[in-house]
Amino acid sequence: MDNIAKLIGQNMDSLKKSKGLTNEDIGNIIGVTRVSVAKYLSGDQVIDSARLFRLANHFNLSLQWFLNSSEESMSFMFRADNPQDNFNEDIASHLNKLMNEYIRILELAEDNKISYLPQACRLHLKDNKLNEDDYELIRDIAEKQRKSFGLEEVYDFDIYSVLEKNNIHVISLRLDDKKIDALSAYSEDKGAFIITNDHPDIPEERKVFSAVHELGHLIFHRDDYGRQPEELSYSSSRRSINEKIANTFASYFLIPRNQLRGYKKYFRGFVNNFSEVYRVKKDFGVSASALMLALKDEGYMDQKNYGFLYKRLKEMGFGEIEPHPIMSIEKNLKLKSILRRLYLNEEITTNKVAELLSLNDKEVRLLVKAWAEEEYGDQYPEN
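By my numbering, the letter at position 275 of the sequence shown is numbered 276, and the numbering carries on one by one without gaps.
Structure, rendered in structure tokens:
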């Protein structure tokens, strides 16, 4: 009974912290004093089933959630766009396991020196809308983030490697659901993760934008993260404004306005073709629609011209695909480098390599064979 009391207490305490609650808040929900709540949290007293049910029901959680050990339950806090439609317990459990394995690999390689979370910022919105001051603050934070990453005057960069070099873990894997562009997660002791969907049908420009979009959520919406899919529930208005904030941050980050200013001469007057749009979008590594929106927002393209070009873009079939796309960027470079070293030192097996990189048997055999040949020459036998 003592073990159960402590287990439930630990999970109640985890819920309390994730929701920013006090003991009194929990007491009001289940109808007890804050002193009793303190005893529940410490495991000195087991909560009765009726009150536990009331607490679970209040947060739309199952009773089993409170009985899961820390190894079984989510150790990371997640967020997802439209979680009711594209994020479920199976995905959460799979990603939680993958991230914990990733951390274990870093620890094995003695490469997990810093647990980093970007500094959080909460906008105080009026009427759930962005005003000029909000836009200015988002832009300022995006510019400071670029500066801290060493990207002030840089155009062409590998965003995945940049994030990893700045101690934000990035995992790219193929998810069959193309509606999931990216997810983000964090743990106070293990740091921040951005998970991108590397599905071949998703344009690289969208993958890049989604990675920075998730960085925006990690900065501006830390309160939206939860340990279980059931905890992720946002109103449509809140979801809409939060997506706008993350998109605005990504736009300012990937299309710095001081650099965009140098291109405004190419968009004077009414632009009736995409030649300049295609050229400039490649310089910034963004989609045509993202560039056009930035041009409109900065007043370099009027609403009528933007509407004309946006409509033409869709009529030409460029909704899910991207015109004049950039080349695919190799991903998981840090993870591959660490796995290669550990594998060649015989510290991990091919199965672990396959698990972390989501490879099938044939793919992992070819990969480790290539690693061995790079290290030892063609005479090294294939496993």
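We treat Cβ as the ideally placed atom computed from N, Cα and C, and that holds for glycine. Computed from a predicted model, the values in this text were never measured in an experiment.
> Below 8 Å, can you find three or more Cβ-Cβ pairs linking the region 157 to 170 to the region 330 to 341?
Replying inline: Flag = yes, the region 157 to 170 and the region 330 to 341 touch.
> Tell me the DSSP bridge mates of residue 127?
Replying inline: The bridge partners DSSP lists for residue 127 are 130.
>> Pull the bridge partners of residue 171 from the DSSP assignment, please.
In response: According to DSSP, which records beta bridges pairwise, residue 171 is partnered with 195.
> Going by other Cβ atoms of all chains shown within 10 Å of its Cβ, with 16 needed for buried, is residue 32 buried or exposed?
Replying inline: Burial call: exposed.
> How would you call residue 15, buried or exposed, if buried means at least 16 neighbouring beta carbons within 10 angstroms?
Replying inline: The C-beta of residue 15 has 16 or more other C-beta atoms within 10 Å across all chains shown, which makes the residue buried.
> Exposed or buried, what is residue 183 when buried is set at 16 or more other beta-carbons lying within 10 Å of its beta-carbon?
Replying inline: By the C-beta density criterion, residue 183 is buried, having at least 16 other C-beta atoms within 10 angstroms.
>> Check whether the region 250 to 266 and the region 137 to 146 touch, using three or more Cβ-Cβ pairs below 8 Å as the test.
In response: Yes, they touch.
> In its own chain, which residues sit with a C-beta less than 8 Å from the C-beta of residue 52, not counting the 5 before and 5 after it?
Replying inline: The answer, listed in chain order, is 31, 32 and 33.
> With distances taken from CA atoms, which of 254, 253, 263 and 218 is nearest residue 241?
Replying inline: The alpha carbon of residue 241 has as its nearest neighbour, out of 254, 253, 263 and 218, the alpha carbon of 218.
>> Using a Cβ distance threshold of 8 Å, determine whether the region 310 to 317 contacts the region 349 to 368, with at least three qualifying pairs required.
In response: With the cut-off at 8 Å, the region 310 to 317 and the region 349 to 368 do not touch.
> Roughly how many angstroms lie between the CA atoms of residue 262 and residue 152, to the nearest whole one?
Replying inline: Rounded to the nearest angstrom, the gap between the Cα atoms of residue 262 and residue 152 is 17 Å.
> Between residue 296 and residue 148, what straight-line distance do the alpha-carbon atoms span, to the nearest angstrom?
Replying inline: Put simply, the backbone Cα of residue 296 is about 22 Å away from that of residue 148.
> Quick one: what does DSSP say residue 361 is sitting in, helix, strand or coil?
Replying inline: DSSP places residue 361 in coil when its eight states are reduced to three.
> Assuming residue 210 and residue 288 make a contact with CB atoms under 8 Å, what is their CB distance in whole Å?
Replying inline: That pair is a contact at about 7 Å.
> Which residue from 178, 123, 226 and 171 puts its Cα closest to that of residue 189?
Replying inline: For residue 189, the nearest C-alpha among the options comes from 226.
> So, are the CB atoms of residue 323 and residue 201 less than 8 Å apart?
Replying inline: Not in contact: residue 323 and residue 201 (Cβ atoms no closer than 8 Å).
> Buried or exposed: which applies to residue 186, given that a residue is buried once 16 or more other Cβ atoms fall within 10 Å of its Cβ?
Replying inline: Under this definition residue 186 is a buried residue.
>> Using 8 Å for Cβ pairs, my map puts residue 216 next to residue 326. What's the rounded Cβ distance?
In response: Incorrect: roughly 22 Å between the Cβ atoms, too far for contact.
>> With a threshold of 8 Å on Cβ separation, who are the neighbours of residue 1 within its own chain once the five nearest residues in sequence on each side are excluded?
In response: Outside the modelled stretch of the chain, which goes from 2 to 384, sits residue 1, for which no answer is possible.
> Can the beta-carbon of residue 268 be found less than 8 Å from the beta-carbon of residue 307?
Replying inline: Taking 8 Å as the cut-off, the Cβ atoms of residue 268 and residue 307 do not count as close.
> Exposed or buried, which one is residue 290 when buried takes at least 16 other CB atoms within 10 Å?
Replying inline: Classification for residue 290: buried.
> Taking only runs of the beta strand (DSSP E) that begin and end inside the region 325 to 364, which ones reach a length of at least 3 residues, in chain order?
Replying inline: Complete beta strand (DSSP E) runs here, min 3: none at all.
> Which whole-angstrom value is the C-beta distance of residue 278 and residue 292, which I expect to be below 8 Å?
Replying inline: Confirmed, Cβ separation roughly 6 Å.
> Shortest alpha-carbon distance to residue 250 belongs to which of 127, 154, 343 and 145?
Replying inline: Closest by alpha carbon: 145.
>> Less than 8 Å between the beta carbons of residue 69 and residue 12, yes or no?
In response: Yes, Cβ-Cβ distance for residue 69 and residue 12 is below 8 Å.
>> Let's test the definition: count the other Cβ atoms within 10 Å of the Cβ of residue 126 and tell me whether it reaches 16, buried, or not, exposed.
In response: In this structure residue 126 is exposed. Its beta-carbon is surrounded by fewer than 16 other beta-carbon atoms within 10 angstroms.
> What residue does the alpha helix (DSSP H) around residue 91 start on, and which one ends it?
Replying inline: In the DSSP annotation of this structure, the continuous segment of the alpha helix (DSSP H) that includes residue 91 starts and ends at 90 to 109.
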